[in-house]
Amino acid sequence: MGKNIANTTHTFLFCDGGSCQKAGSEKVVRAARAYLRNNDLWDTVHTIKTRCNGRCEDAPTCIVNPGEYWYKELTADKIIPIVKSHIDKNLPVEANLLYKKEWDALKSNREIAPFKPKPFELKDDKELGECFITKGFSSDQYLYPLFLYLLENPKGVTLKMAHLKAMPFTEITAANYAKTYTLELETATDCIPLTIAGVPKEDKELQKSKISSTEYFYQKKINQTGIRFKNKFGEVIGIINFDSIDNLAWKYCTKIQLQNASQDLISL
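Structure representation (structure tokens):
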């Protein structure tokens, strides 16, 4: 039987992403849940294991409501006083806080500067020839939104997969990301699989099909822009071409995927 959340006074959202798991998040969750069970608080305090909360450097992390208090570097010993303080006093344990709403900055002991793509560089590429090129992000948090945008804005966009003929993106009817590792691009007659999620290291076939490198390029002489996808072995998986530097989808790539790299290209 499900918990009656109408009776819930507090909610603890424990990050269960990869970094938090490695840092011991499961022990933290187990300790908190055992305390709640043994102190007859199970029905009034709710615990949730989330996916990544976006603060991997502060792992393990937890968010407590009401109040939206963010906690950092948790252990099984630290979480019990935190749970007790919120339930008994409605107060946070400030020594373990990463952030609360009244603060104007995070209090992280391990702050990492956000990664930004490098500016476009002129290179003599073996396959593309002379072009300006830079690397973008290759996680599914970037690739899935990219393909959804291209699906909605396909004009002047062409997809060429290894061993398949080039096709206009207008022929793609859906982008389904329901499988564990694979995004499926559907056409009227076919389904094109793209491995975009993190895959097990021991699975060589998935490693070969996974997009591990996403390169954005601009061939100035022919006013051609595009994206090249490679696996971890440097093999080309596919290429997306845009009809010009003014293409709407290409502008999206430089603004969103490359975090406003359009200014780099203007000066080239």
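For the sequence shown, the numbering used here begins at 225 and goes up steadily by one. Backbone N, C-alpha and C define an ideal beta-carbon position, used for all residues, glycine too. This structure is a prediction, so every number in the text was calculated from the model and none was measured.
- Y368 is bridged by DSSP to nothing; it lacks a bridge partner.
- The alpha-carbon separation between A258 and K342 amounts to approximately 47 Å.
- The beta carbon of Y368 sits closer than 7 Å to the beta carbons of Y401, L407, I420 from its chain, once the five residues preceding and following it are set aside; these are given in chain order.
- I287 and V317 have their C-alpha atoms some 12 Å from each other.
- The C-beta separation of E376 from I396 comes to about 11 Å, leaving the pair out of contact by the 8 Å criterion.
- When the Cα atoms are used, Y476 and N289 turn out to be separated by approximately 36 Å.
- Counting C-beta pairs with one atom in each stretch, the stretch 237-248 and the stretch 271-279 have three or more that are closer than 8 Å, which means they touch.
- Under the three-state reduction of DSSP, I435 is assigned to coil, being neither helix nor strand.
- Runs of the alpha helix (DSSP H) lying entirely within the stretch 239-310 and spanning at least 4 residues, in chain order: 242-246, 249-262.
- Taking the Cα of G450 as reference, the smallest distance to any Cα among N465, K456, F361, S437 is reached at N465.
- Boundaries cannot be given for K324, as no beta strand (DSSP E) includes it and DSSP labels it neither H nor E.
- CA-CA distance, A398 to S437, rounds to 23 Å.
- A Cβ-Cβ distance of about 6 Å is found for the pair N447 and I469, placing them in contact under the 8 Å criterion.
- Beta-bridge pairing by DSSP links C415 to E410.
- Within its own chain, the residues whose Cβ lies closer than 8 Å to the Cβ of T233, once the five positions on either side in sequence are excluded, are T268, V269, I311, listed in chain order.
- In the DSSP assignment, K454 falls within the beta strand (DSSP E) that extends over 448-454.
- Per DSSP, reduced to three states, the secondary structure at I480 is helical.
- With contact defined as three or more Cβ pairs closer than 8 Å, the stretch 321-331 and the stretch 358-366 are not in contact.
- In this structure, the CA atom of T394 is about 11 Å from the CA atom of A412.
- Per DSSP, the beta bridge partners of A398 are E410.
- For I336 and K325, the gap between their C-alpha atoms comes out near 21 Å.
- Taking the Cα positions, T382 is about 6 Å away from M391.
- Per DSSP, reduced to three states, the secondary structure at Y405 is coil, with no helix or strand assignment.
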